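Chains as they are written, first to last, in my numbering: chain S, 1 to 317; chain D, 1 to 287; chain W, 1 to 664. Don't be surprised by glycine CBs; every beta carbon is placed ideally from N, CA and C. Treat the numbers as computed from the prediction; the structure is a model and nothing was measured.
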Amino acid sequence: MTRYIVKRLGLALITLVLLSMVVFATAQLLPGDIGRNILGPFAPQSAVDAMDKQLGANRPAVVQYWDWISGVLQGDLGRSLAFQEPIRPLLTSALENSLKLALVAFLIVIPLGILGGIVAGLRAGRAVDRTVTVGGLSLTSVPEFVSGIVLIIVVGIWLGWLPITAQAPDGAGVLTQARYLLLPAICLAGVLFGYIARITRAGVVEALDSDYARTAYLKGLSSNVVVRRHVLRNALLPTIAVVATQIGYLVGGLVVVETLFNYQGIGLLVFNAAKTKDYPMLSAGVLVIGIIYLLVTLAADILIAALNPRIRLAGAE
Amino acid sequence: MSVAAAAGSEARSARRERLHLLRRSPSVLIGAGVLAFWVACAILGNHITPYDPIYHQSPDVFAHPSTAHWFGTDRLGRDVFSRVLAGSRDILLVAPAATLLGTVLGTALGLITGYMRGIVDDVISRLIDAVLALPLIIIAVTAIAALGTRSEWAVAVVIGLVFTPIIARTVRAAVLAEREQDYIQAAQLRGEKTPYIMFAEVLPNVMPIVLVEATVRLGYAIFAVASLTFIGFGIQVPSPDWAVQIFDNYTYVDPDWWTVLFPAAAIASLVVAVNLVSDGIQQAYER
Amino acid sequence: MSAALEFDALDVAYTVRGKDRRVLRGLSLSVEEGKTFGLVGESGCGKSTAALAAVNYLPRNGKVTGGEIRVAGKDVLGLSWSELRRLRADKVAMVYQNPGAALNPSIKIGAQVAEAFTVRGVPRGEANHLALEALARVQIADPGSVMGRYPFQLSGGMQQRVVIAMALAKDPALLILDEPTTGLDATVEAEVLDLVAQLQAELQTSVLFISHNLGVIAKMCDRVGVLYAGRLVEEGPVETVLSDPRHPYTVGLLRCIPRGGVRKDHARLDTIPGFLPSLGAELPGCVFVDRCALADDRCRAEEPPLTAVGPGHEARCWHHDQAHALPRAEAPELAIRPVDRKAAPVVRFDDLGKVFKQHGHEVHALTGVSGEIWAGETLGLVGETGSGKTTLARTLLGMVAPSSGLVELDGTALEPRFQQRSADELRALQIVFQNPDSALNRRHSVRRILLRSLWKLAGLKGAPADKRMLELTESVRLSERTLTQKPSQLSGGLKQRVSIARAFAGSPQLVVCDEPTSALDVSVQAAILNLLVELQADGGVSFLFISHDLGVVRYISDRIAVLYLGRLMELGPAEVVFEGPHHPYTEALLSAVPTVDGAERERIKLEGDIPSAASPPSGCVFHTRCPRKLGAVCEETEPPLRDVEDGHLMRCHIPIGELRALQA
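#1: Do we get a CB-CB distance below 9 Å when we pair Val72 (chain S) with the residues of chain A?
#2: Once you ignore the five residues that flank Ile222 (chain D) on each side, which residues in its own chain have a CB closer than 7 Å to its CB?
#3: Per DSSP, which residues does Phe261 (chain S) bridge with? Please list them.
#4: Does DSSP put His64 (chain D) in a helix, a strand or coil?
#5: For a test of the three-state rule: what should DSSP assign to Arg348 (chain W), helix, strand or coil?
#6: If you measure between the beta carbons of Ala82 (chain S) and Gln264 (chain S), is that distance less than 9 Å?
#7: Counting only Cβ-Cβ distances shorter than 8 Å, please list the residues of the segment 237-261 of chain D near chain W, keeping chain order.
#8: At 3 residues or longer, what runs of the beta strand (DSSP E) sit wholly inside the segment 175-224 of chain W?
#9: My assumption, with CB atoms under 8 Å, is that Glu144 (chain S) sits in contact with Val191 (chain S). Please give the rounded CB distance.
#10: To which residues of the same chain is Pro584 (chain W) closer than 6 Å at the C-beta, ignoring the five residues directly before and after it?
#11: Give the DSSP-derived three-state secondary structure of Leu29 (chain W) in the structure shown.
#12: Do you know offhand how far Ile289 (chain D)'s Cα is from His548 (chain W)'s?
#13: Can you list, in chain order, the residues of its chain whose CB lies under 7 Å from that of Tyr212 (chain S), leaving out five sequence neighbours each side?
#14: Following the continuous alpha helix (DSSP H) through Met281 (chain S), name the residue where it begins and the one where it ends.
#15: Quick one: what's got a C-beta closer than 6 Å to Gln282 (chain D)'s C-beta in the same chain, skipping five residues either side?
#16: Residues of chain S with CB under 7 Å from Ala89 (chain W), in chain order?
#17: Determine the direct distance from the alpha carbon of Glu126 (chain W) to that of Ala281 (chain W), and round the result to whole angstroms.
#18: Would you be able to state if there are at least three C-beta pairs under 8 Å between the segment 33-46 of chain W and the segment 517-530 of chain W?
#19: Expressed to the nearest angstrom, what Euclidean distance is found between the alpha-carbon atoms of His364 (chain W) and Pro617 (chain W)?
#20: If the criterion is Cβ atoms closer than 9 Å, does the pair Ala189 (chain S) and Val255 (chain S) meet it?
#21: Starting from the beta carbon of Ile14 (chain S), find every residue of chain D whose beta carbon is closer than 8 Å, and list them in chain order.
#22: Do Arg231 (chain W) and Val192 (chain W) come within 9 Å of each other at the CB atom, strictly closer than that value?
#23: Taking a cut of 9 Å between CB atoms, which residues from the segment 197-219 of chain S lie near chain W?
#24: Which residues, in chain order, does the segment 161-193 of chain D contribute to contact with chain W at a C-beta distance below 9 Å?
#25: Threshold first: 4 residues or longer. Then list the alpha helix (DSSP H) segments lying entirely within the segment 203-239 of chain S, N to C.
#26: Do you know offhand how far Arg126 (chain D)'s Cα is from Thr15 (chain S)'s?
#27: In chain W, what lies closer than 8 Å to Glu213 (chain D) by C-beta?
#28: Relative to chain S, which residues along the segment 25-42 of chain D have a C-beta separation below 7 Å, given in chain order?
#29: Kindly indicate which three-state DSSP category Val534 (chain W) falls into: helix, strand or coil?
#30: Measuring straight from C-alpha to C-alpha, what distance separates Phe288 (chain W) and Leu227 (chain W)?
#31: Quick one: Cα of Phe37 (chain D) to Cα of Phe261 (chain S), how far?
#32: Would you grab the beta carbon distance between Ile560 (chain W) and Glu587 (chain W) for me? Rounded to a whole angstrom, and I think it's under 8 Å.
#33: Measure from the alpha carbon of Gly551 (chain W) to the alpha carbon of each residue in W:Leu565, W:Ala574, W:Ser542 and W:Val533, then state which is nearest.
#34: Might you give, ordered along the chain, the residues of its own chain that have their beta carbon closer than 6 Å to the beta carbon of Ala226 (chain D), omitting 5 neighbours on each side?
#35: Using DSSP's beta-bridge definition, name the partner residues of Glu408 (chain W).
#36: Would Glu612 (chain W) be called buried (16 or more neighbouring beta carbons within 10 Å of its own) or exposed?
Shown next, in the form of structure tokens:
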């Protein structure tokens, strides 16, 4: 098991390094001269050159990359060009906000999605299954800003059940904050629900059709026991993998939702950075998002290995 | 449980039966119907709208829905109903274009990495993993900002390129499975060259998966283009595209909700329709 | 004495793509208490469906449309859910093919076996204890450690023993076995079957044994029922049915199997003309009418009932009294060309060795294998898992580069990898694969497949290619209609013919046949074997014929090579290798194979499992299991491969004279 973890960690690190390079390269792709972009088309060339020099934009890419990466490793994420402030505190607070939102969304969607998938899988082909499947499919396909608009209008304005700004007033307690976050979290959850339910359902159906489920039934075990003890353990493995990979999508969803609700999260932050060509902020933000993604997939891999003895013990053979 | 007759009737009737099932499935029918409706609207365009969706601007701004304006008017006094009817055209041009681009490139990439394996596959797969760790929207925004232009075609190209690694991954998995089949070894033992095997032997067998993936991606493409448009990086004003309308008017949601609710419902209907159809196709192939 | 299992006019149908298709038609049979009933038939006959119906575990799209099922007197179909569970927990047990899949991969063995007890109310601690006992009873060495392992850590044979342990733990009234040993090595299969027979005798369990293998049925069963297209066409005591079959289908089946040591130069295998009916087809009249040489108008119009033809023996045929005189479908003999061993061999391989790196271990797949193949001869290659027979074949073809040794074609050394060989060399060495479904590109028409091979292997295009293609299709007995079809529209047998035609496109000198008939039904297998013999007689091509079915190998081979753990243990003329005196491993292998004739060789049990190829034993690699081990010499020195008698090579320390005496 430890060998497996070490191996996965190693692969994750390599991917991380590649990721940082890709991020850096992308930021460098934004064409035009950095100085020109900041000072605008009317500034004199000399001023542009001076700014370039100051920002070190003339040095070879490799050197710039190294500078940046070594800074990151020491905790210095650079300065935002748009805000003219250090990136780190801005990023941290935005990240905190987004994590809160994501947490509420996950708390809603993971249990519901898994439960929905299990129920649909156990009653495959029947009315419940069609409802969950088609319903999940529909929810998944609707972009968050669309469901957001509908929710804001119907639940927020017409019915007045929930606040339509996501940001709770300062100093509010946990429950109040959660209440404010409920609408945007539901938007995010809506799209995720379909994926999770679908994969869980597929896992359950496959496990139910398997030979070992047959063996269990023919031993005389009741449905409850078969499902609980034999089916679920194998059925949920692919779900864990899928949930992890959805993190990447989630951030995109964050951008849209945070824009709609005007919530100061990391999605909005990075988006604005891209819009305003604030390269340092953009690179730092995307890098952080990438790191989180890799951490989550690593955790998922480890969880799967813990549950799947074949992977766990492969080294010991 | 498989017993095949000598005559080819077994396979032919299988296909016929599949189509028959598709035609009977209520969700597929509803989806296809809605899709057909919006396609028709896109084609007919201004011919069916009561008012010109772009140029008819009246001083009657933010009018409530009424008999004159079924869906009310927006901030420039334009008739929302007309704009909703005309709004399907742009997205039905951009999204399929993006999907096509992504599918062609992704399939080629998937074929190469899946068949050739080795260093080529290792390196490219790691790159794809790294790229997939980045959120699609951010990449798209960055790329579009980089290009400087915000035209529809830029959006289509960017989304197509972003889809390429995703599709490549799916195709690669299918190719890996095909590769283990004996007919590939038979081809190698005949002295066939790699390009021939990839395109003449493997590709035809992977096509069904590519097609299913393409229909699924189409749904995502619509999703992505709409989302990008909403944040200002997709289709631009003054197009009557639905997401543009929302982009334009969402700050007025309270109390002028009709300016955004109807376009939102239109988007929802289109994406759900496309996904119902693509899901139906997927199911038919799985049986 | 009530029967343990009774089917009464049972009708079962499957719903496929919206339509109901009949799979079992009015099946009636009964398994007496304490007896074993064998249900035999080819693919699609419905035998597995009958097994699943008995415990009411049909798949989602299956349903019983008529008739009754009674287990120990209880009507299974009328049971409530909890009563059904009780029945399954106490009275009926099932053992399937593919034991690895039948065990939950994430739960330890001990827990799974204990479950068979806890479901009957036994408390946890006692259940664990009972589980340990159950494992010991199926002769698993060191059951304690096995309890703590996961299924994937056990070999196929061990997995099946665990499944049997779980099944018999409840001392069931009825045990259903569905192809329990298909896919297992011959020696392992023999052990599992022996175990089942022994336990059955001990516990007096009634057994329903389902298999496509008549030899296994002959060995294990008291009575046998023959299923065709969902109908029971013959039933009776095993010896009677096999020696005096009264239904044309049974007669045909028995003629398809190489029996009693018959070889290709003695007689051709007979075949059953025509094809199996498609699933759920409507069949007025007798189900077998389209393929029966005795069929007349009455057979087409009216379905015969099961008629008594002897004590306890019934057949469903209007002409059962003429069944034994069923006209042959094939000509009885074929002229075989004798092999000229004075000429130079076509293929020669010298001291071939191959070591694979796997998970950090070195796996010795082949060590020091040498031999020759002459023009027009068939060299049969026999061996169990890990013997290296697949590796040897791949090395000859250049799909795997050997770690040592070389391969020669017509006296010239071949490049180790096929990518470096000339086009001429490629066309000279071809292969026919085991799995007809994966051997052909599903999206190419037969015509395209053949034309492409003709182009690449024979350099033919246009009119000459078309002409040659027609010749090829005729030589493998394919109708011109199949040219426009795609593989998915063809049956397994037809696909295999296309594969053979493709291999012969360039007039090869050696064709490797890698289990070419293992995935086919018995009746189809006979046709393919006949075809291969015919092609060899016509064109003088050589075959390297790999198969786990010793009867088939004996039929078709001129010489036989026996591999064990990557080493050549024996190589000699087919008759000599089979009759003896032969290598102790060959002896054990032959004794393990159940034959239809039932002439029981004395079973030689081999101890333990096949050693891992990653750490082969010292000295003679067979010494860990050899029942004729001499002593220290076998452990220390590897015997050389010696010519013990004109052309008969053996790797054993025991002198041939002594072996002859011991094996008499």
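A quick look at the data gives this:
#1: Checking the listed chains, one finds no chain A in this structure; the protein chains it contains are S, D and W.
#2: Ile91, Ala95, Leu270, Val271 and Val274
#3: Answer is none; Phe261 (chain S) lacks a bridge partner.
#4: coil
#5: strand
#6: no
#7: none
#8: 206-211
#9: 6 Å
#10: Cys626 and Arg628
#11: strand
#12: Given a span of 1 to 287 for chain D in the structure shown, any question on residue 289 (chain D) remains unanswerable.
#13: His230
#14: Tyr279 to Leu307
#15: Val212
#16: Lys219 and Gly220
#17: 52 Å
#18: yes
#19: 11 Å
#20: no
#21: Arg126
#22: no
#23: Asp209, Ser210, Asp211, Tyr212, Ala213, Arg214, Thr215, Ala216, Tyr217, Leu218 and Lys219
#24: Glu180, Gln181, Asp182, Tyr183, Ile184, Gln185, Ala186, Ala187, Gln188, Leu189, Arg190, Gly191 and Glu192
#25: 211-218
#26: 7 Å
#27: Here the premise fails: no neighbours, minimum Cβ distance about 18 Å.
#28: Ser27
#29: Note that residue 534 (chain W) is Glu in the sequence shown here, rather than Val. Reduced to three states, the DSSP call for Glu534 (chain W) is helix.
#30: 11 Å
#31: 32 Å
#32: 13 Å between Cβ atoms; not a contact.
#33: W:Ala574
#34: Ala243 and Ile267
#35: W:Arg348 and W:Ala413
#36: Checking the displayed sequence, the identity of residue 612 (chain W) turns out to be Ser instead of Glu. Label assigned to Ser612 (chain W): exposed.
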